[in-house]
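> For the sequence shown, the working numbering gives the first residue as 1444, with consecutive numbering after it.
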Amino acid sequence: MKKLKKKFKIYNPKIKEECAVFGISNSTDASTLAALGLHALQHRGQEGCGIVSYDGEKYHSEKRFGLVGDNFNDEKVLKKLPGKYAIGHNRYSTTGGTALRNVQPFFADTNAGGIGVAHNGNLTNAITLRNKLVQDGAIFYTTSDTETIVQLIAKSKRIKTIDKIIDAIFQIQGGYALVMMTQNTLIGVRDPYGIRPLVIGKLKNSYVFASETCAFDIIGAKFVREVENGEIVYIENDELKSIKPFPTRKIRPCVFEYIYFSRPDSILNGKTAYEYRKNFGLHLAKEDKIEADLV
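1) Would a C-beta distance cut-off of 7 angstroms place A1463 and A1529 closer than the cut-off?
2) Can you look up I1612 in the DSSP assignment and give me helix, strand or coil?
3) Specify, as a first and last residue, the run of the alpha helix (DSSP H) that V1632 falls within.
4) Kindly say whether K1501, judged by its beta-carbon, lies nearer than 7 angstroms to any beta-carbon of chain C.
5) For P1688, is the beta carbon positioned less than 6 angstroms from some heavy atom of the ligand MN?
6) If you compare alpha carbons, which of L1543, V1667, P1688 is closest to N1712?
7) Leaving out the 5 sequence neighbours to the left and right, which residues in its chain are closer than 7 angstroms to R1706 when beta-carbon positions are compared?
8) Straight-line CA distance for G1488 to A1620?
9) Expressed to the nearest angstrom, what Euclidean distance is found between the alpha-carbon atoms of E1590 and G1663?
10) When we look at the beta-carbon of S1685 and count the other beta-carbons within 10 Å, is it buried (16 or more) or exposed?
11) Helix, strand or coil, according to DSSP, for N1712 in the structure here?
12) Is the beta carbon of R1692 closer than 7 angstroms to that of P1635?
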């Protein structure tokens, strides 16, 4: 039998903004708060948006092209997303084509139950992993590298969902921040080098995970801390728990988060993005000594 040689050309060579992820646990207004959080993170992606919720019995999903405010400000839409758990995603494609099936969050059934996945980042070995999964019999429905993560989680022989996720992330390479949801757990994952941001917030009895702290301000949540590089955090029985499966590595965040991607009022490593940008300008002014009104 001839080996499968087909290659999947899923990467778009154009540099684009990154995506936004959001997740909330144990809230009667989960989908509404998710929509508000995504609205605050709109600057990270304007191509599409989606929310997945869980009502204690089944999952619900709504995905749309365009802006959050144009799609999730209608009470009729939000009523289709009942439940106390919800995750959301704003898309600005870095890989995959422009199609509704590529809009996240993605959802899959595994032998440990259902799981929803929202992903911000890029996998540098996505094509290699995808080709191998296809050779092993996997069927892909999208051209997004995020589906590769979903397939790896589903393929894992481990029993617990957290262990399945660990299996998956040990195989992927690149910069990523993941927010995931099962029937009773909200999960956040940050890559070993902390290239992509992920933060933790608290709202009464609910925990919130998001790409930036500006998503907390709009819903009245308090900033708790950043997810550390290589850390898996999860909310189980309303408690924040943490696992660090990777060897300790020096954090290497993407500089574009500081100078471009993040909203000016979002906190990055103890300072607002605005403060970093102001200091960058200060150093540039000292170096070049040009006569200008603004650097």
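C-beta atoms are modelled at their ideal positions from N, C-alpha and C, and glycine is treated no differently.
If you're wondering where the values come from, they're calculated on a predicted model, not measured in any experiment.
On the basis of the supplied data:
1) no
2) helix
3) Not the alpha helix (DSSP H): V1632 falls in the beta strand (DSSP E), residues 1628–1633.
4) Of the chains in the structure shown, none is chain C; there is only one protein chain.
5) By its list of ligands, the structure shown contains no ligand whatsoever, and the ligand MN lies outside what it can speak to.
6) V1667
7) H1486, E1655, C1657, A1716
8) G1488 and A1620: Cα-Cα distance of roughly 15 angstroms.
9) Approximately 32 angstroms between the Cα atoms of the pair.
10) exposed
11) coil
12) yes
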